[in-house]
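Chains as they are written, first to last, in our numbering: chain A, 13 to 106; chain B, 26 to 288; chain C, 44 to 393. Using N, Cα and C, we set each Cβ at its ideal position, and we do this for glycine too. For clarity, every value in this text was computed on a predicted model and none was experimentally measured.
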Amino acid sequence: MGRGWVVVDVDRCKGCGLCTHVCPVKILKLSPDTFNAKGYHPVTVTDGDQCIGCAACATICPDVVFTVYRRRRVPKQTPAALQLTAQLTPQPEG
Amino acid sequence: MTLTRTEIPEGMELVYSYPDSLTKVSSHYCPGCVHGIVHRLVAEVLDELGVRENTIGVAPVGCSVLIYNYINTDFVGAAHGRAPAMATAIKRIYPDKVVFTYQGDGDIAAIGTAEIIHAANRGEPITTIAINNAIYGMTGGQMAPTTLPGMVTTSTPTGRNCEVAGYPVKLSEILAQTAGAVYITRQSATDIVGIRKTKRAIKRAFLAQIHGLGFACVEVLATCPTNWNIGPWEAMQWAKEHLGGFYPVETFKMTDEVKALKA
Amino acid sequence: MTKQLLKGNVAFAEAAVRNGLQAYFGYPITPQSEALEHLSGRMIEEGRVFLQAESEVAAINMVYGAACTGVRAMTSTSGPGLALMAEGLSYIAGSEVPVVVVNMMRGGPGLGNIQPSQADYNFMTKSAGHGDFHPLVLAPASIQEIIDMIGLAFELAEKYRTLVIIAGDGSIGQMMESAELPPMQPVRDTVPDWAVSGAKGRDPNVITSLYLGAEKLEALNLRLQAKLAEIKRNEVRSVEVATEDADLLLVAYGTAGRICVSVLREARKQGLKVGLFRPQTLWPYPEERLSELAEQVKGILVVEMSAGQMLEDVQRFVQGRVPIHFHGRMGGVIPMVDEILADVEALAKE
Chain A
13 MGRGWVVVDV DRCKGCGLCT HVCPVKILKL SPDTFNAKGY HPVTVTDGDQ CIGCAACATI
73 CPDVVFTVYR RRRVPKQTPA ALQLTAQLTP QPEG
Chain B
26 MTLTRTEIPE GMELVYSYPD SLTKVSSHYC PGCVHGIVHR LVAEVLDELG VRENTIGVAP
86 VGCSVLIYNY INTDFVGAAH GRAPAMATAI KRIYPDKVVF TYQGDGDIAA IGTAEIIHAA
146 NRGEPITTIA INNAIYGMTG GQMAPTTLPG MVTTSTPTGR NCEVAGYPVK LSEILAQTAG
206 AVYITRQSAT DIVGIRKTKR AIKRAFLAQI HGLGFACVEV LATCPTNWNI GPWEAMQWAK
266 EHLGGFYPVE TFKMTDEVKA LKA
Chain C
44 MTKQLLKGNV AFAEAAVRNG LQAYFGYPIT PQSEALEHLS GRMIEEGRVF LQAESEVAAI
104 NMVYGAACTG VRAMTSTSGP GLALMAEGLS YIAGSEVPVV VVNMMRGGPG LGNIQPSQAD
164 YNFMTKSAGH GDFHPLVLAP ASIQEIIDMI GLAFELAEKY RTLVIIAGDG SIGQMMESAE
224 LPPMQPVRDT VPDWAVSGAK GRDPNVITSL YLGAEKLEAL NLRLQAKLAE IKRNEVRSVE
284 VATEDADLLL VAYGTAGRIC VSVLREARKQ GLKVGLFRPQ TLWPYPEERL SELAEQVKGI
344 LVVEMSAGQM LEDVQRFVQG RVPIHFHGRM GGVIPMVDEI LADVEALAKE
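Structural data, given as structure tokens:
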């Protein structure tokens, strides 16, 4: 399961291919055997698990094809930090 | 609209979504056209600044003549090159509204040269977005004032000969000379970093108006895949190398107040 | 209100301020620059918008922008400036925003000179820009009349959402006469619902003259033509003197019309039955009344400060029912009473 996820509005795509070049994990490809309503080969996601949610695709897309999601990563805490947090913040009763 | 992959996994947060200030109308621009990118950036900025309902745009003549179908604000359609004159009047009547012009290189640096220089010189607190793709797109690929030396266009079939056709116009450098301009910058919307910087510049340019500081213009190096006769990605690379090589991507004027704005 | 001695250009400028003019953008050009100068002080005093533009091209586009916000906006110029404004005038007509333009005609073509003429008649009445439209053209013949026509011009411009041109000339602009200015009217504080003001709580308003689809543009043009037909029905204006028993009808407008009043007086002293028909609207032209008069008289003498531009319209409306003669001077020369009277006397002998 990847860190990011993109929703693709297929009919807005004009098959310009800019996103396919800027995706850092190279999971975007113009689908060779399908056409969208405009008659273009729209973009498809080849391996969604690799998506890192960087939104480069959304940044370069002239047609707002992408909606981008990302899982928020909570950094791993050291035991010392966890202990200090417990000391300083009120604990629930019981 | 045909959304695919709508089954968003758990724990995901929204990072980017469709801007409110953009209409849902699918644009007429060619695949890969930078107009689509910059329209989106303007819409994102209007959303972030919360000024959509207070904004009046002035449309040019050129491929982006139909910008009013795509950006969700009041608009007036100017004659070719005359947008800064219309914007001047509208802003002087409504000093508390956000007034912007969006113009191509022919609109602003050929037929509209007088209007933009004088608007800048008067320090009209309007925001101008100037798209420079070194060609006349809408009319089929003729020479623009910013066409590079040697560049082949439909009206320079053997390449632009500067001794006959004149030299490319460096508009930002000229506008930076005017006393009324407070922020003049050239950006390049030809890669991810450039697009992000362009957005920040556009935001700063709108903030300069909102804070009543003076005239601001963002020139954006862009592509025209169709009339350059190359694909969208190749056009981005060509623009980055050749337009970026000729037109310095830098800020030519930025007053201290503009610098202090949080963009 | 009391009468004051006023210079024509100052009079119409002040009348505009008193009629709630909210925005003026202009460029100096003789013979109307005094209007710009007067407004540069008064508009600022009254807290309105004034700007001397960098050219007439910029000025008319500023007026167009202002008109899109629904405020009362105008400019003033002379022939060479109006020519530069032609593009803007066409956009104004096609976008259906109300605008008033005052044209103080001078000798032409080209740079010409700064003396008065009436040589922009065709330019103004036929369309004043590219495409199918006619501005509403008002023709004052005195300073009081131009003062009154300013208020009328704004009303008509707003009533029909159209372009109104006041056809003055250098003589009216420069001369001084006793006239009465209207009282100060407040500036309107509401805007029409089609105007741009920021799309708060409503769908965006888009004001444009672009209609890419041919059928859509035809629909706009049909609407414009219907509007012009309505203007033709309702807004024709003319003035006549001593026409009831006239044998010879003088037809003239503006300063030429005013001179013809003196010609008329002299002719009548000699017992010649001369009348005067003076159109106050050049478009729509008072063709019906002219037609009626043509039935009554034995001859028509058109007097113009041009090669004969209104003459062609008169010929078109009269359709050969009576002989039409012409007395014209060009290049800024003003026809004098005696030379016109000589023509009247010669025609009377025939």
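Distance between residue j and residue i (C-alpha atoms, nearest Å)
| i | j | result |
| --- | --- | --- |
| residue 184(C) | residue 269(C) | 30 Å |
| residue 81(A) | residue 37(B) | 6 Å |
| residue 367(C) | residue 122(B) | 58 Å |
| residue 335(C) | residue 143(C) | 31 Å |
| residue 98(C) | residue 108(B) | 14 Å |
| residue 159(C) | residue 263(B) | 58 Å |
| residue 105(B) | residue 160(B) | 15 Å |
| residue 363(C) | residue 294(C) | 15 Å |
| residue 165(B) | residue 27(A) | 22 Å |
| residue 325(C) | residue 345(C) | 14 Å |
| residue 176(C) | residue 170(C) | 5 Å |
| residue 237(C) | residue 237(B) | 27 Å |
| residue 31(A) | residue 257(B) | 11 Å |
| residue 206(C) | residue 116(C) | 11 Å |
| residue 279(C) | residue 379(C) | 28 Å |
| residue 25(A) | residue 198(C) | 50 Å |
| residue 357(C) | residue 76(B) | 56 Å |
| residue 70(A) | residue 42(B) | 9 Å |
| residue 309(C) | residue 167(C) | 32 Å |
| residue 262(C) | residue 173(C) | 18 Å |
Residue environment, residue i, which counts as buried when at least 16 other CB atoms sit within 10 Å
| i | result |
| --- | --- |
| residue 130(B) | buried |
| residue 61(C) | buried |
| residue 272(B) | buried |
| residue 210(B) | buried |
| residue 246(C) | exposed |
| residue 156(B) | buried |
| residue 161(C) | buried |
| residue 191(C) | buried |
| residue 281(B) | exposed |
Opposing strand residues paired with residue i [DSSP bridges]
| i | result |
| --- | --- |
| residue 250(C) | 101(B) |
| residue 157(B) | 246(B) |
| residue 89(C) | DSSP, once it has assigned bridges, lists no residue as partnering residue 89(C). |
| residue 278(B) | 209(B) |
| residue 32(A) | Bridge partners of residue 32(A): none, in fact. |
| residue 145(B) | Bridge partners of residue 145(B): none, in fact. |
| residue 211(C) | 147(C) |
| residue 99(C) | The partner list for residue 99(C) (beta bridge, DSSP) is empty, contrary to what the question assumes. |
| residue 159(C) | 149(C) |
| residue 127(B) | 154(B) |
| residue 395(C) | This structure cannot settle anything about residue 395(C), because the visible part of chain C is limited to 44 through 393. |
| residue 79(A) | 19(A) |
| residue 48(C) | 221(C) |
| residue 326(C) | 180(C) |
8 Å contact criterion, which residue i and residue j should meet: CB distance rounded
| i | j | result |
| --- | --- | --- |
| residue 211(C) | residue 165(C) | The pair is not a contact, with the Cβ atoms about 17 Å apart (cut-off 8 Å). |
| residue 203(B) | residue 142(B) | 7 Å |
| residue 106(C) | residue 65(C) | At roughly 11 Å, the Cβ-Cβ gap does not stay under 8 Å, so residue 106(C) and residue 65(C) are not in contact. |
| residue 57(B) | residue 260(B) | 7 Å |
| residue 223(B) | residue 245(B) | 6 Å |
| residue 90(B) | residue 253(C) | 6 Å |
| residue 46(B) | residue 96(B) | 6 Å |
| residue 150(C) | residue 300(C) | With 8 Å as the limit, residue 150(C) and residue 300(C) do not qualify as a contact, their Cβ atoms being about 19 Å apart. |
| residue 243(B) | residue 133(B) | About 12 Å separates the two Cβ atoms, so there is no contact after all. |
| residue 250(C) | residue 140(C) | 7 Å |
CB contact below 9 Å: residue i versus chain E
| i | result |
| --- | --- |
| residue 102(B) | Absent from the structure: chain E. Protein chains present are A, B and C. |
Using a Cβ cut-off of 8 Å, which residues of the region 37-58 of chain B contact any Cβ in chain A, in chain order?
37, 38, 39, 40, 41, 42, 43, 44, 47, 51, 52, 54, 55, 56, 57, 58
Taking only beta carbons into account, state which residues of the region 14-27 of chain A come closer than 7 Å to chain B, listed in chain order.
17, 18, 19, 20, 21, 22, 23, 24, 26, 27
For the region 60-91 of chain C, which residues have a beta carbon sitting closer than 8 Å to at least one beta carbon of chain B?
65, 66, 68
Taking Cβ-Cβ distances below 8 Å as the criterion, which residues of the region 67-93 of chain A are in contact with chain B?
67, 68, 70, 71, 72, 73, 74, 75, 76, 78, 79, 80, 81, 82, 83, 84
Members of the region 223-250 of chain C that neighbour chain B once the beta carbon cut-off is set at 8 Å
239, 240, 241, 242, 243, 244, 247, 248, 249, 250
Could you list the residues in the region 61-80 of chain B with a C-beta less than 7 Å from some C-beta on chain A, going in chain order?
61, 62, 65
Near-chain C residues of the region 149-172 of chain B - C-beta to any C-beta below 7 Å:
none
Output, in sequence order along the chain, the residues in the region 97-111 of chain C whose CB is closer than 9 Å to any CB in chain B.
97, 98, 100, 101, 102, 103, 104, 105, 106, 107, 108, 109, 110, 111
What are the residues in the region 128-145 of chain C lying within 8 Å of chain B by C-beta distance?
130, 131, 134, 138
What are the residues of the region 82-112 of chain B that lie near chain A, defined by any Cβ-Cβ distance shorter than 9 Å?
none
Given a limit of 9 Å on CB to CB distance, which residues of the region 249-265 of chain C reach chain B?
249, 250, 251, 252, 253, 255
Can you give me, in chain order, the residues of the region 195-214 of chain C that have a beta carbon less than 8 Å from any beta carbon in chain B?
none
Determine which residues of the region 117-146 of chain B have a Cβ less than 7 Å from any Cβ of chain C, and write them out in chain order.
117, 118, 119, 122, 139, 140, 143
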